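Heads up: the structure comes next, in structure tokens.
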Amino acid sequence: MNTKFSSLPDYPALKKLASALWQQDNAYHGAAIIVGAGFSRSCASTGDNSRKLPLWNDFAKILSKELASGSNDPLRLAEEYNAYFGKRALHDLIKKEVNDSAWTPGELHYSLMELPWSEILTTNWDSLLERTSAEVHSPVYSIVSKPEDLSNAKTPRIVKLHGTIDITKELIFTQEDYRKYPQSYAAYVNFARQVFIENELCLLGFSGDDPNFLQWAGWVRDNLATHSRRIYLVGALKLNAAKRKYLESINVAPIDLDDLVADYDDIDLKHKQATRLFLEFLHDMKPNQVWEWEPSRSQRVGFNEDERNKIYNDSSYAAKLLEGQLPVLRSDRDSYPGWLICPDPIRWELQNQFNIPSPKKEHLQHMTAESRACLLYEISWRYEKTYDLPPSWLIHELLTVCDLNTPCGLSKKQQLEIALLLLKNTRWLNPTDSKPIIEETTKILEKGIKYWPELANELAYHQAIVSRDNFDFHIIEENIKKITECNPDWKIKKASLLAELGEFEGGERLITEAYKELLIQYRNDRNSIYILSRLAWGQWLMEGVKYWSSEKEFKIISINTQIQKCNPWDHLEYIRKRITDELTTQQNKMAIKPSFEPGYYKDNSNTITFGNILHPLFILEGISRDAGIPVCWDFRGFLVQHAAMLSEIETDNNIHRFSLAIRSANSDTSDSLINNFSRIKIACLPQSDVEHLLNQCSQAVEYWIEKCKAGKNKGNHHVITKLRVFIEVLARVSVRATPEQAKKIFRLALSLGRINELHHFWLFDALKHLIEFSLESIPKSEHSEILLEALMFPLASEIETVGPKEWINPIIENPGNREQNSAIDRRIDEIIERISPCSSQSAPSLLRLLPLIENNFLTESEKNKIADQIWGANPDYQKLPNTGLYFYSLLKIPSRDVLSSNNLVRETLFNANDKQLLDQSHLANIINAARARDVNELPSPEQAIRYFNILISWEAKKHDNDMLGLKENEEIRRIELIGHALAYSVLPSLPLSELTEDNFKRLISFYNDNGDATEVLVALAYFSAANDAFTERLENIYKKTLQSKDIDEVVCTSYAIYTWMKLNKSSAVERLTVRLIYLIEPNRMAYLHGLLWTVNEMYCSEYLSNRDIEFLVDILPVIFDSATYTDINPASKESISISLVRAACVRLAKDILTISHRENKELYRIINEAKLDPLPEVRFANID
């Protein structure tokens, strides 16, 4: 259509008007329009096709006839008619001739109203425009029928300058109306003045000698002079030279469309067609919005089979096609709006822009050197925008064109951009492949800084990000200093790195400065997507950074980022969806899908998926890198949830998963740590990853210790948080450490406890884990080497700690032999001195000394000193001293009068009243006294009878107001303790005379009523020693519970069978033993460790038959091989005990080989393999 108009003399004016209408030039407010009667006449429709709406000359004829006047001036005739017949008669005439209700808006009314006019003014008396506006929803026009409506109507408006039939009292028609108009309708005049000054003005539906046109044009000339903008008179005007000259003299630019409709002889149809062409032209001139940019599609359609084969088989032909696409690719890149983060749909199109043909290495060989370099640059630009990872062949091709010393048709900056892309992507390559690329690209980039000054920032920023992922915080500090704050982008990126170091004040200052700069830039250029996209991210960051701030200076401005595809939330929501989809796919691969047909299913573990959807890791890292978004800012998590979820997606490169998991954690109990550093996942890590974590987490701990000591970070909470996270990770990974590494970590943990600044209760759990887990990786035979350091660790009473958690207390269970060492002597004496008589604060000191007591490590004088500290100088042994421990431990602690102290403990243990007995702590004391090593204190028969009757008569209480279930949990715990007390203390001491039918039924009833008391199954076994009458019933009970789905029930049953075997070996128990033996197979991994322990005890006690032993010899290697960490779902029940199963296999294999003196290669094999097991409970199962 533009070709049709371009031949018109007035085409430049037409283009200027269209440009103003669509506001392509910031200098314009827009375009307004005045609609005349000619528009309604041409465009409205009625049932009678012969009728037309009247024009001025039509009214002049009617008035002249009625007045019998020879005048043809419609305004003069209207004035005479008004004077002769009155105003009412004139209005009735207008109403009759116009007959507004008979006319309906035509399609051109809608076409006009759908254009973005800043205002619509009309001199028409009809209501066609108003009725049209009610059905047009964009834009929405307000109606102004009277001057007083102006104050309440929002722009854009339809303003009825001359009134409306049946709406307004006055209709402007007579000469007097026009003369008084500026005074009578001053509001309209002022409004029109503002419209004419601010907007280009279009007149549509007027002729050059139209009275309305002449009146308004004259008024503009007289009142606005040079202040008004150009007025465009549009239509099939058929102007002669004189008329055109006249219009131009009154600042009216005619747009004469008569040449386009010259072949029409019907004057009304001619004007209608001219109006149609004009409106169509304006619609066609609607510019494509910058944010509607899309890359051109390189793929061609309509290939025949021969051409398709030629593309795939003829590299030179494919190369020619690619060369032909270069101008389009270059144009796409040049017209890219400048989004900071490319919108997802466009990113997808860019990623797949090369389709037929898809560039390959062999294609490049058939291209000229310049075309090859240009194509490689276009490809690299698209990889940079999409965050995709170039394949290895492309990386090597790109390397060939980024050497500044080798001209290739690209500018030096373009060469450097390629080199920078390759350097950034080395993060995703393995070290072997990435090292030479890093060296080469770094050399090129350092040399090219003079050609691209921001390169220095890019290099420092990249190195800081690499160091961030490796937890090299010192290197991050060094590179932050190298980044210059040359523009808002770099201020925000630098702030994101400062956040990694906890320097939030400095980071907030930079973000605030960047945001203010971006606001000014946006104010000066509101059409720039480049600025708007950066402002959107800057504002999003500011909202997060200032979330907890009390400052009032920050105000959110309203910017429409949704339409321009700049909304940060759209990107974040897309990433969340991609991560969720990946996690769902990963979980589905671990499951089977049953078919509707019985017996059929689909195993998804073997499913292979194909696709070119980008991994969400690349997208998240790309967005956070380019936008400068930290995972979290102080207590505000920007990408915490995204990073935590993403860290659970399995990838070939664990380094980035570790980084995301650790950076998204805000405590040692964060899910990201628990899920990613579970015991099973730690066991599955390759040794290189273990070494990486051990080294880098140790360095990170040392870094944050320095920060904590320096106390530079306000509040220090960020430093403490970082420490607790890195200490926890180091603790978990330490189970993979060698003994020497473990000793180093253990000593590091002990040294932390001596730093006053670290005595914060947030760190207690993590530090406790670091001590305990690293100790697990040290063989017990070597614990003596670290005894002194452990003893030197400060007790709670030696430091000042505040908080709800207990201070750490490292305990060495195997101190070895006592050798002459004055330091140990002094420290033991200091610990003993910390024992306070009758004080719970003595507990830490006693716990540290108990292993030394049990292993006979202490001297007699030290033991006597302990006795005196606890019991006092002259004890009467009438009341147990408060030690802060269960009082059964006094059976182990030295006493000057062992008999008296033990009697007092026994008296307290076994002569409690009903209420005291049912107290949880008292039940725990009874159980531990019976089961503790070298104690084995049991009640007398009389005491056992009493306790039996009390315990099995107990009933759990129902609590109506227990909304949180706390009281219910307390009752469940009491039931469990009662079961243990009956099994290991009361029933073993119960006389045979009490093992009666009645008591048997009572015990069975108690068990049935209290399902959590599974240890009662062990207690039942004691009835087998009293009377064979219980044998059959016991056998049936144990047969049933051996097949239970409850793990505890199965394990307790196995121990009950072993107890029965010790008490009364019979054919029934032998049959149960056979059943127990055959339960030991790989498919029962969840409770296999408990069964293996029981069977091992049976084997060592020579309770197993040769057939049983042969079965175990055959099955143990199978179980051991099946219990591999990589085949277990980390979230399954089996994962809880799989290492214990492997350890139990090793111990049983060792005992079989030792006791039977047999030679079995498979048993030796699992013992030798266990020595190299990732987890210490298996590694040391053969020696500890």
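Residue 1 is where the sequence shown starts when you use full-length UniProt numbering, and the numbers rise one by one after that.
Don't be surprised by glycine CBs; every beta carbon is placed ideally from N, CA and C.
Predicted model only: the values in this text are computed from it and were never measured.
Reference residue i; option with closest CA among the options
i	options	result
Ala1181	His462, Ser777, Leu510 and Ser839	Ser777
Asp1121	Ala1131, Asp1173, Thr1073 and Leu1153	Asp1173
Met367	Arg732, Cys408, Thr859 and Leu977	Cys408
Ala1086	Pro345, Arg973 and Lys1045	Lys1045
Asp914	Leu583, Asp668, Ala1026 and Ile952	Ile952
Ser315	Trp291, Gln289 and Lys361	Lys361
Arg297	Gln289, Gln325 and Arg308	Gln325
Pro74	Lys87, Asn82 and Trp56	Trp56
Glu446	Asn430, Glu417, Asn425 and Leu429	Glu417
Val159	Ile165, Glu176, Tyr141 and Asp166	Tyr141
Arg636	His718, Ile812 and Asp668	His718
Nearest-angstrom Cα separation, counted from residue j out to residue i
i	j	result
Ser45	Gly106	6 Å
Asp126	Leu63	19 Å
Phe658	Ser647	7 Å
Glu1070	Glu1035	10 Å
Gln841	Asp626	55 Å
Ser133	Ala460	59 Å
Tyr547	Trp22	39 Å
Leu966	Phe761	25 Å
Ser118	Ser19	13 Å
Ile1183	Ala1149	13 Å
Ala731	Asp689	15 Å
His474	Tyr703	7 Å
Lys863	Asn882	18 Å
Leu770	Ser1139	20 Å
Tyr336	Asn470	35 Å
Phe610	Ile531	Residue placement at Phe610 is poorly supported in this model, since its pLDDT is 49, which falls under 50; the coordinates still yield a value, given next. C-alpha separation (whole angstroms): 38 Å.
Strand pairing of residue i, partner residues [DSSP]
i	result
His760	Val802
Gly235	Asp256
Thr122	Val35 and Lys160
Gly753	None; Gly753 has no bridge partner.
Ile143	Ile158
Cys1145	Per DSSP, none; premise fails for Cys1145.
Gly637	Cys632
Thr104	Ser45
Glu1159	Beta-bridge pairing links Glu1159 to no other residue.
Cβ-Cβ distance between residue i and residue j below 9 Å
i	j	result
Met1098	Tyr1058	yes
Leu767	Ile799	no
Leu171	Leu90	yes
Tyr574	Met542	no
Cys202	His109	no
Thr123	Val35	yes
Leu421	Glu384	yes
Arg848	Ile831	yes
Ala187	Pro156	no
Glu292	Arg427	no
Leu891	Glu937	yes
Arg372	Val401	yes
Leu1175	Arg679	yes
Minimum Cβ-Cβ distance from residue i to chain B less than 9 Å
i	result
Arg347	Among the chains of the structure shown, chain B does not appear; only one protein chain is present.
The stretch 1141–1153 in contact with the stretch 1163–1179 per 3-pair CB rule at 8 Å: With contact defined as three or more Cβ pairs closer than 8 Å, the stretch 1141–1153 and the stretch 1163–1179 are in contact.
Validate contact between the stretch 665–674 and the stretch 744–757 using beta carbons, cut 8 Å, 3 pairs: Segments in contact, no.
Three-pair Cβ contact test at 8 Å for the stretch 1014–1022 versus the stretch 970–989: Taking 8 Å as the limit for Cβ pairs, the verdict is that the stretch 970–989 does touch the stretch 1014–1022.
The stretch 450–467 contacting the stretch 578–589, beta-carbon criterion three pairs below 8 Å: Contact fails between the stretch 450–467 and the stretch 578–589, because fewer than three Cβ pairs, one in each stretch, are under 8 Å apart.
At least 3 beta-carbon pairs within less than 8 Å: the stretch 1068–1076 vs the stretch 1117–1137: Touching, no.
Validate contact between the stretch 722–731 and the stretch 693–711 using beta carbons, cut 8 Å, 3 pairs: Touching, yes, given that three or more Cβ pairs across the two stretches are closer than 8 Å.
Stretch pair the stretch 261–276 + the stretch 230–250: three plus CB contacts closer than 8 Å: The stretch 261–276, when compared against the stretch 230–250, does touch it at the 8 Å Cβ threshold.
Segment contact flag, the stretch 253–262 with the stretch 84–98, C-beta cutoff 8 Å, min 3 pairs: Because the criterion of three Cβ pairs below 8 Å is not met, the stretch 253–262 and the stretch 84–98 do not touch.
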